[in-house]
Amino acid sequence: MNKSGVEELNTKIQAQFGVADFFDKKDSLAQTESEGVSFYIKDKQPVFFIVGEKLVPALKLLLQRQFLKIIVVDMGAIPFVTKGADVMRPGIVEIDSSIVSGEFVCVVDKNHHKPLSVSQALFSGTEIKAMQKGKVLKNLHYVGDVMWKIT
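Just remember that my numbering sits 693 ahead of the position in the sequence shown, which is counted from 1.
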């Protein structure tokens, strides 16, 4: 990817996530596709993939640089989340009230706060807090999935 391509990607990242100059113009980035998923790679690691028109950060990127809002789940939810299940309200122990419906969030475990998945909020943080049951997050990318295994 040339410098103007990196600038264009930085512009998209800033517009979507509010993070300026995410990549250096000298960074070696490539855009590729695998199994019907279009994604960006830096240093042989996926950094963002595309869902619809939106950029979704890869978990390995979030392990290095966390910039999404966080939702914390209890330890009992981990096996389900890491197999691709959507997140249900009873498994959530901490919620950021500023989350907006449709926003991408990082799901982390209660004990270690390690990223488990990138999910899309189906409701606002305030609405999720008020709920007692039901699906509240759509799981888009999780530890062990196709994107995770790309190295």
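Using N, Cα and C, we set each Cβ at its ideal position, and we do this for glycine too. Being a predicted model, the structure only gives us computed values, none of them experimental.
Tell me whether M840 is buried or exposed, calling it buried when 16 or more other Cβ atoms sit within 10 Å of its Cβ. By 1-based counting over the sequence shown, the position of residue 840 is 147. Buried, because 16 or more other Cβ atoms sit within 10 Å of the Cβ of M840.
Assuming I843 contacts G818 under a Cβ cut-off of 8 Å, what Cβ separation, rounded to an integer in Å, is found between them? In the sequence shown, the residue the question calls residue 843 occupies position 150. In the sequence shown, the residue the question calls residue 818 occupies position 125. 31 Å between Cβ atoms; not a contact.
My parser needs the alpha helix (DSSP H) runs of 4 or more residues fully inside the stretch 790-831; what are they? Listed in chain order, the complete alpha helix (DSSP H) runs (minimum 4 residues) inside the stretch 790-831 are 818-823.
If you draw a straight line from the alpha carbon of F816 to that of D789, how long is it in whole angstroms? Along the sequence shown, read from residue 1 onward, the residue named residue 816 stands at position 123. Along the sequence shown, read from residue 1 onward, the residue named residue 789 stands at position 96. If you take the alpha carbons of F816 and D789, they lie about 12 Å apart.
In angstroms with no decimal places, state the Cα-to-Cα distance between G729 and P739. Position 36 of the sequence shown, counting from 1, holds the residue named residue 729. Position 46 of the sequence shown, counting from 1, holds the residue named residue 739. Whole-angstrom Cα-Cα distance: 15 Å.
Counting beta carbon pairs with one atom in the stretch 718-736 and one in the stretch 821-836, are three or more of them shorter than 8 Å? no
For G784, which residues in the same chain have their Cβ closer than 7 Å to its Cβ, ignoring the five residues on either side in sequence? The residue you call residue 784 lines up with position 91 of the sequence shown. V766, D767, G769 and A770, listed in sequence order.
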